[in-house]
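For reference, each letter of the sequence shown is one residue, going 1 to 620 in the UniProt record's numbering.
Note that beta-carbon positions come from the ideal geometry of N, C-alpha and C, so glycine has one too.
In this text the structure is predicted, and so the values were computed from the model without any measurement.
Okay, so here's the structure we're looking at.
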Amino acid sequence: MIAPCRTMISAGSVTGEDHFFKWYKCQLKAPGPPGDTRRVKREVSKAKQKAYDELYTRLDTREGEKDLYRLARQRDRDEKDVQQVRVIKDRDGRVLTSEESVQRRWKEYFEELMNEENEREKRVEGVNSVEQKVDTIRKDEVRKALKRMKSGKAVGPDDLPVEVWKCLGEAAVEFLASLFNRVLESERMPEEWRRSVLVPIFKNKGDVQSCSNYRGIKLMSHTMKLWERVVEARLRKVVEICEQQYGFMPRKSTTDAIFALRILMEKYRDGQRELHCVFVDLEKAYDRVPREELWYCMRKSGVAEKYVRVVQDMYERSRTVVRCAVGQTEEFNVEVGLHQGSALSPFLFAIVMDQLSEEVRQESPWTMMFADDIVICSESREQVEENLERWRFALERRGMKVSRSKTEYMCVNEREGSGTVRLQGEEVKKVLEFKYLGSTVQSNGECGKEVKKRVQAGWNGWRKVSGVLCDRKISARIKGKVYRTVVRPSMLYGLETVSLRKRQESELEVAELKMLRFSLGVTRLDRIRNKYIRGTAHVGRLGDKVREARLRWFGHVQRRESEYIGRRMLDMGLPGRRQRGSPKRRYMDGINEDMKLVGASVEDAEDRDRWREMIRCGDP
1 MIAPCRTMIS AGSVTGEDHF FKWYKCQLKA PGPPGDTRRV KREVSKAKQK
51 AYDELYTRLD TREGEKDLYR LARQRDRDEK DVQQVRVIKD RDGRVLTSEE
101 SVQRRWKEYF EELMNEENER EKRVEGVNSV EQKVDTIRKD EVRKALKRMK
151 SGKAVGPDDL PVEVWKCLGE AAVEFLASLF NRVLESERMP EEWRRSVLVP
201 IFKNKGDVQS CSNYRGIKLM SHTMKLWERV VEARLRKVVE ICEQQYGFMP
251 RKSTTDAIFA LRILMEKYRD GQRELHCVFV DLEKAYDRVP REELWYCMRK
301 SGVAEKYVRV VQDMYERSRT VVRCAVGQTE EFNVEVGLHQ GSALSPFLFA
351 IVMDQLSEEV RQESPWTMMF ADDIVICSES REQVEENLER WRFALERRGM
401 KVSRSKTEYM CVNEREGSGT VRLQGEEVKK VLEFKYLGST VQSNGECGKE
451 VKKRVQAGWN GWRKVSGVLC DRKISARIKG KVYRTVVRPS MLYGLETVSL
501 RKRQESELEV AELKMLRFSL GVTRLDRIRN KYIRGTAHVG RLGDKVREAR
551 LRWFGHVQRR ESEYIGRRML DMGLPGRRQR GSPKRRYMDG INEDMKLVGA
601 SVEDAEDRDR WREMIRCGDP
């Protein structure tokens, strides 16, 4: 009786009234005498209760923990009123409602984005190609590529997940090695790999009905991604990327760049000297990379011509469709830019940025790049304005475009109104805070705004799994584990690079305890102490975890080579005196307090295992 109703409801009804009447008519036509209704309901209730009991029993085991996170994501999706936007606006701002017009608009937007280049100068000079013999692809290369591929990812148009190759084991490795060698020799990959499905992902800012506020991620063949990973591993061995690039580079992360910028700002604040920073944003950076520039930069970087032709083949005759809430659009060609969602694209973009910025970049931390996120620093406003103009010229003459509306300027320790910088005569927006790689930096060197953002990020994560955390039938142990693995990491992000005050630590812990009390169904009126709440959920103090993360990062910095950007920043000395009065809290002030609390010294950080044992704060 229920299944036909669900089929009818999902088939295309528009309003809640239609849903009800179709269900009601279906119920009237249900077979069986009226007296059987109660018995059927009882049987359904018993079966439902039995299924729930089995579900919660399984979730309380180690084997069922993966199902728990899947259940949390599903409940989060089910609670949303609108999962996908079905109506969008055209280029003139008019709302489109019909399925055909919505599909046409999505196709029009992405086809224009991925097939039109920005204005650029054509290169006159040539570059010598590197003609050399390349080795055949070995089985161990395929094994490494398979190991790096994550399971459970959305498949491409061929509907063949990477799990198939993983399950086949050595047979798959042998077959793929043979296949990839044929592709390498012929420089032609299968035609099926050229097709992709583009899914618009909302950027969580701006008008939800505007196509420009969506990022197009391509779902590509997993077998092609394996091929890309093999090629990427080989390219990384021959191409050396500049030390200013932190994005998708080995032994580098967002934390390195955030830490370097924060310590640089702290040093200038303590020396009572001005530091001028410009955060450069590139418009549609991945989607507007000219293909000719990509080939030129690869050859200039010393990539063998064989690999250049292999990468050219990956982008030749590529086609895609847009999958939106109202169906799929017609297929169209993609002639410009890199594939977003490709395993090779981040490294190709790093090669392009490395070559285009060769003549304008300075050493870290005066220039730092994370893919297309660029920060330029200088001691004077005039100098940073001049550097910004040089960057604009170097990038825009080769087809990249600096965003005038999203590029922002910040002055640290500004002593008098020094105005703002200009870009081609237009004022760059001046800000007191900026979200750099997910972490908020302030012009006064403080971290109060970042603490509030971490609290908000924690609540956002908590709401996503609240369907599980607030379920009374799930044990407190499981709720605590979900909190520790989903919610707490979002609250800790970037805090290893700052030294918090007691009040700021308390602000984080208050938010944490509110989440735990909500999850366990306990209020302040129940008069249950915080330590019992933490013990029941097996969750330690957030302040202790912040201290552990800070000391762990400090130990990591101390063990790195002396040329490492983090060590250079900590050892950096600037002329100048700290201001009179109560001194501002510095990063090393917090580190010294932390080390005194755990009984450690700087020398202990050299022994990684001993350091980890000394600083560890386990959950109860």
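Could you check if residue i is buried or exposed, using at least 16 other CB atoms within 10 Å of its CB as the buried criterion?
{"i": "Pro250", "result": "exposed"}
{"i": "Val14", "result": "Summary for Val14: the model assigns pLDDT 47, below 50, so the residue's position carries little reliability, and this model does not support an answer."}
{"i": "Asp67", "result": "exposed"}
{"i": "Thr57", "result": "exposed"}
{"i": "Met572", "result": "exposed"}
{"i": "Pro620", "result": "exposed"}
{"i": "Asp526", "result": "exposed"}
{"i": "Thr497", "result": "buried"}
{"i": "residue 623", "result": "This structure cannot speak to residue 623, because the chain is shown only from 1 to 620."}
{"i": "Gln579", "result": "exposed"}
{"i": "Ser601", "result": "exposed"}
{"i": "Val322", "result": "buried"}
{"i": "Gly618", "result": "exposed"}
{"i": "Phe175", "result": "exposed"}
{"i": "Lys531", "result": "exposed"}
{"i": "Val82", "result": "Per-residue confidence for Val82 stands at a pLDDT of 45, beneath the threshold of 50, marking its modelled position as unreliable; no derived number is given."}
{"i": "Ser439", "result": "buried"}
{"i": "Val164", "result": "exposed"}
{"i": "Tyr52", "result": "exposed"}
{"i": "Ala304", "result": "buried"}
{"i": "Lys406", "result": "exposed"}
{"i": "residue 621", "result": "Here the chain has residues from 1 to 620 only, and residue 621 is not among them."}
Please report the Cβ distance between residue i and residue j, rounded to the nearest whole angstrom; I am assuming they are in contact, meaning their Cβ atoms lie under 8 Å.
{"i": "residue 624", "j": "Gln442", "result": "Look at the range of the chain in this structure, 1 to 620, and you will see that residue 624 is not part of it."}
{"i": "Leu344", "j": "Val231", "result": "6 Å"}
{"i": "Arg517", "j": "Ile533", "result": "6 Å"}
{"i": "Tyr296", "j": "Val127", "result": "6 Å"}
{"i": "Ile346", "j": "Met569", "result": "One point to set straight first is that residue 346 is Pro, not Ile, in the sequence displayed. Wrong, their Cβ atoms sit about 25 Å apart, outside the cutoff."}
{"i": "Ala350", "j": "Gln244", "result": "Wrong, their Cβ atoms sit about 11 Å apart, outside the cutoff."}
{"i": "Ala549", "j": "Leu492", "result": "6 Å"}
{"i": "Arg105", "j": "Leu96", "result": "6 Å"}
{"i": "Val421", "j": "Val375", "result": "Not confirmed; about 13 Å, so no contact."}
{"i": "residue 621", "j": "Leu55", "result": "In the structure as shown, the chain starts at 1 and stops at 620, and residue 621 therefore has no counterpart that could be examined."}
{"i": "Asn413", "j": "Leu275", "result": "7 Å"}
{"i": "Glu426", "j": "Arg404", "result": "6 Å"}
Thinking just about the alpha-carbon of each residue, which of the options is nearest to the one in residue i?
{"i": "Arg215", "options": "Ile201, Lys225, Gly206", "result": "Ile201"}
{"i": "Met515", "options": "Asn115, Ser506, Val487, Asp53", "result": "Val487"}
{"i": "Thr254", "options": "Trp553, Arg568, Ala600, Ile615", "result": "Trp553"}
{"i": "Arg392", "options": "Leu96, Arg580, Val280", "result": "Val280"}
{"i": "Glu192", "options": "Arg317, Arg415, Tyr564", "result": "Arg317"}
{"i": "Gly555", "options": "Lys41, Glu606, Thr37, Ala177", "result": "Glu606"}
{"i": "Arg273", "options": "Arg580, Cys617, Asp609, Gly576", "result": "Gly576"}
{"i": "Thr329", "options": "Val102, Asn213, Arg269", "result": "Val102"}
{"i": "Ala371", "options": "Val289, Arg138, Tyr69", "result": "Val289"}
{"i": "Val334", "options": "Met400, Asn204, Glu117, Cys470", "result": "Glu117"}
{"i": "Arg158", "options": "Ser196, Arg148, Lys166, Ala177", "result": "Rather than Arg, the amino acid found at residue 158 in this sequence is Asp. For the residues Ser196, Arg148, Lys166, Ala177, the minimum Cα distance to Asp158 belongs to Ser196."}
{"i": "residue 700", "options": "Gly480, Leu500, Tyr564", "result": "Since the first residue shown for the chain is 1 and the last is 620, residue 700 is missing from the structure and cannot be characterised."}
{"i": "Val522", "options": "Glu240, Tyr436, Arg472", "result": "Arg472"}
{"i": "Arg182", "options": "Val162, Trp227, Gly566", "result": "Trp227"}
{"i": "Ser186", "options": "Asp90, Lys306, Lys300, Glu266", "result": "Lys306"}
{"i": "Arg503", "options": "Ala47, Thr136, Ala51, Val451", "result": "Val451"}
{"i": "Leu338", "options": "Val539, Asp270, Arg291, Gly535", "result": "Arg291"}
{"i": "Gly480", "options": "Leu551, Leu160, Val539, Ser45", "result": "Val539"}
{"i": "Gly341", "options": "Gln49, Glu427, Lys430, Leu219", "result": "Leu219"}
{"i": "Leu395", "options": "Gly543, Leu574, Gly156, Glu121", "result": "Glu121"}
{"i": "Tyr436", "options": "Lys449, Ser301, Glu427, Asp92", "result": "Lys449"}
{"i": "Ile217", "options": "Lys545, Ser562, Lys284, Arg560", "result": "Lys284"}
The region 298–312 touching the region 235–244, judged by at least three CB pairs closer than 8 Å: Judged by Cβ distances under 8 Å, the region 298–312 makes contact with the region 235–244, as three or more pairs qualify.
Given 8 Å, three or more beta-carbon pairs between the region 343–355 and the region 125–137: With a cut-off of 8 Å, the region 125–137 and the region 343–355 do not count as touching, because too few Cβ pairs lie within range.
Contact between the region 252–262 and the region 577–586 (3+ Cβ pairs under 8 Å): Short answer: they don't touch.
I'd like the ranges of any alpha helix (DSSP H) spanning at least 4 consecutive residues and lying wholly in the region 328–382. Taking only runs of at least 4 residues, the alpha helix (DSSP H) segments lying wholly in the region 328–382 are 345–356.
Stretch-stretch touch, CB-based, cutoff 8 Å, three pairs: the region 457–477 with the region 274–290: Touching, no, given that fewer than three Cβ pairs across the two stretches are closer than 8 Å.
Given 8 Å, three or more beta-carbon pairs between the region 216–228 and the region 171–191: Because the criterion of three Cβ pairs below 8 Å is met, the region 216–228 and the region 171–191 touch.
Could you tell me whether the region 168–178 touches the region 138–152, using the rule of 3 or more Cβ pairs below 8 Å? Because the criterion of three Cβ pairs below 8 Å is met, the region 168–178 and the region 138–152 touch.
Which runs of the alpha helix (DSSP H), 4 residues or longer, sit entirely within the region 490–521? Runs found: 502–520.
Whole alpha helix (DSSP H) runs in the region 523–562 with 4 or more residues, listed along the chain? Segments of the alpha helix (DSSP H) lying fully in the region 523–562: 530–537, 542–559.
Could you pull out every unbroken alpha helix (DSSP H) segment of at least 4 residues lying fully inside the region 576–608, listed in chain order? Qualifying alpha helix (DSSP H) stretches, in chain order: 587–598.
Segments assigned beta strand (DSSP E), at least 3 residues, entirely inside the region 397–463: Annotation: the region 397–463 contains the following complete segments of the beta strand (DSSP E) (minimum length 3 residues), in chain order: 408–412, 433–436, 439–442.
Note down, one range per segment and in chain order, each beta strand (DSSP E) of at least 3 residues found wholly within the region 244–302. Whole beta strand (DSSP E) segments, 3+ residues: 275–280.
Would you list, in sequence order, the uninterrupted alpha helix (DSSP H) runs of no fewer than 4 residues that lie entirely inside the region 165–251? Here the runs fully enclosed are 170–186, 222–238.
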